[in-house]
Amino acid sequence: MTTVDAAPSLPRLTAVELRKLVDTRAGYWLLTVIGLLTALLVTADLIWESRDALTLERMLGDAVAVPALLLPVLGILLVTSEWSQRTNLVTFALVPNRNRVAVAKMAAGTLAGASAAVMTLALAAAGKLIVEWAGDAGGWSLRWWYVGNSAVVLALSVLVGIAFGMALLNSALAIVVYLVLPTLWTVLGAIIPALGRAADWLDTTVTMANLFGPEVTAGTWARLAVSAAVWVALPLAIGLLRVNRQEVS
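Here you go:
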């Protein structure tokens, strides 16, 4: 009697996608650069910022800036490397349902963003310990939801990259588009006032930054949801269509 192997579970697929983040040279060095630049940013705070202003919350908010900028590139590479290196031949042969692979990539990206939030908190706390050791002021004040919002921002940043990667299926093109669009939006917003006002709802840079403001309201989350629908959900929908229809070669 012939037995049929069960399809890999979603947790197993997610674990495989997490490993892919560090298996390639690009992914490994990008993660290394993110860690080093974040540490350098915390160090810059220690050197140049006023000691009285260096609370744990302030240092965490500054530390999040680097991974928020670079993690989307990691998300892009997680998707596009399958096509540029032709590992999709193996991936889709083992898991014919491409949607399951896409979900595993999104789950892995979310976990990577949450892990980055833990990393930034650890570096910020290490910096704060140095401030305390030096006998300076600042305080350990940290609103409980601040860490959670950091995780949301970083996880969403990776998902933006995954969405762009799926929609374009080309590493260079997706990275260029991701990096150029915010600058283009800023320039056009300065020229066209209507675009500047729309940024409060559509620009993820603005809506994510609002999560670190003095007050986070339901309106803040509504703006984030709208921007996520435009820059994550819509490209993902387009990307899933492309991934399912693209010929594997």
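Take numbering that gives the first Met the number 0: the final residue in the sequence shown is number 248, and no numbers are missing along the way. Where is the CB? At the ideal position from N, CA and C, for every residue including glycine. Computed from a predicted model, the values in this text were never measured in an experiment.
In terms of alpha-carbon separation, which member of the options lies closest to residue i?
i, options, result
"Ala38", "Ser140, Leu122, Leu53", "Leu122"
"Leu155", "Asp44, Gly112, Ser140, Gly126", "Gly112"
"Gly74", "Ala101, Asp61, Ala62, Leu55", "Ala101"
"Tyr145", "Arg57, Trp47, Ile46, Val231", "Arg57"
"Ser8", "Val78, Ala171, Ala103, Asp44", "Ala103"
"Val21", "Leu76, Leu88, Met118, Ser149", "Leu76"
"Leu178", "Met165, Ala107, Leu70", "Leu70"
"Ala236", "Ala166, Trp143, Ala6", "Ala166"
"Pro234", "Thr23, Arg18, Trp28, Gly164", "Gly164"
"Val270", "Ile191, Thr86, Thr216, Glu48", "Residue 270 lies beyond the residue range present for the chain, which begins at 0 and ends at 248; the question has no answer from this structure."
"Gly147", "Val215, Ala197, Ala198", "Val215"
"Asp199", "Ala227, Trp28, Arg85", "Ala227"
"Thr23", "Thr86, Pro10, Arg11", "Thr86"
Beta-carbon separation of residue i and residue j under 9 Å?
i, j, result
"Ser80", "Gly26", "yes"
"Val152", "Ala67", "yes"
"Thr90", "Leu158", "no"
"Val32", "Leu168", "no"
"Ser266", "Ser83", "With the chain represented from 0 up to 248, any question about residue 266 goes unanswered, as that position is not in the structure."
"Thr13", "Leu59", "no"
"Val247", "Leu53", "no"
Residue i lies in the alpha helix (DSSP H); which residues open and close that run?
i, result
"Phe91", "87-93"
"Val15", "9-22"
"Thr79", "64-83"
"Gly138", "Here Gly138 belongs to no alpha helix (DSSP H), and DSSP marks it neither H nor E."
"Glu48", "Where Glu48 is concerned, there is no enclosing alpha helix (DSSP H), given that its DSSP letter is neither H nor E."
Does the beta-carbon of residue i have 16 or more other beta-carbons within 10 angstroms, so that it is buried, or is it exposed?
i, result
"Trp184", "buried"
"Asn96", "exposed"
"Thr206", "buried"
"Asp61", "buried"
"Arg222", "buried"
"Val117", "exposed"
"Val186", "exposed"
"Ala193", "exposed"
"Ala189", "exposed"
"Val72", "buried"
"Ala107", "buried"
Nearest-angstrom Cα distance between residue i and residue j?
i, j, result
"Asp202", "Ala224", "11 Å"
"Ala173", "Val229", "16 Å"
"Arg241", "Leu141", "43 Å"
"Glu16", "Ala133", "42 Å"
"Asn209", "Leu93", "42 Å"
"Asn98", "Asn243", "8 Å"
"Met105", "Ile161", "7 Å"
"Gly212", "Ala64", "14 Å"
"Leu42", "Gln245", "Reading the sequence as shown, one finds Thr at residue 42 and not Leu. Between Thr42 and Gln245, the C-alpha separation is close to 46 Å."
"Lys127", "Trp139", "8 Å"
"Asp44", "Gly238", "39 Å"
"Gly218", "Ala115", "26 Å"
"Leu55", "Ala124", "6 Å"
"Met0", "Trp143", "With a pLDDT of 42 at Met0, under the threshold of 50, the predicted position of this residue should be treated as unreliable, though the coordinate-derived value follows. Each residue's alpha carbon lies about 57 Å from the other."
"Leu36", "Leu30", "10 Å"
"Arg18", "Pro181", "30 Å"
"Gly195", "Leu40", "29 Å"
"Ile191", "Arg11", "48 Å"
"Thr204", "Ala197", "12 Å"
Please tell me whether residue i has its Cβ less than 9 Å away from any Cβ of chain D.
i, result
"Arg142", "In the structure shown, chain D does not exist; there is a single protein chain."
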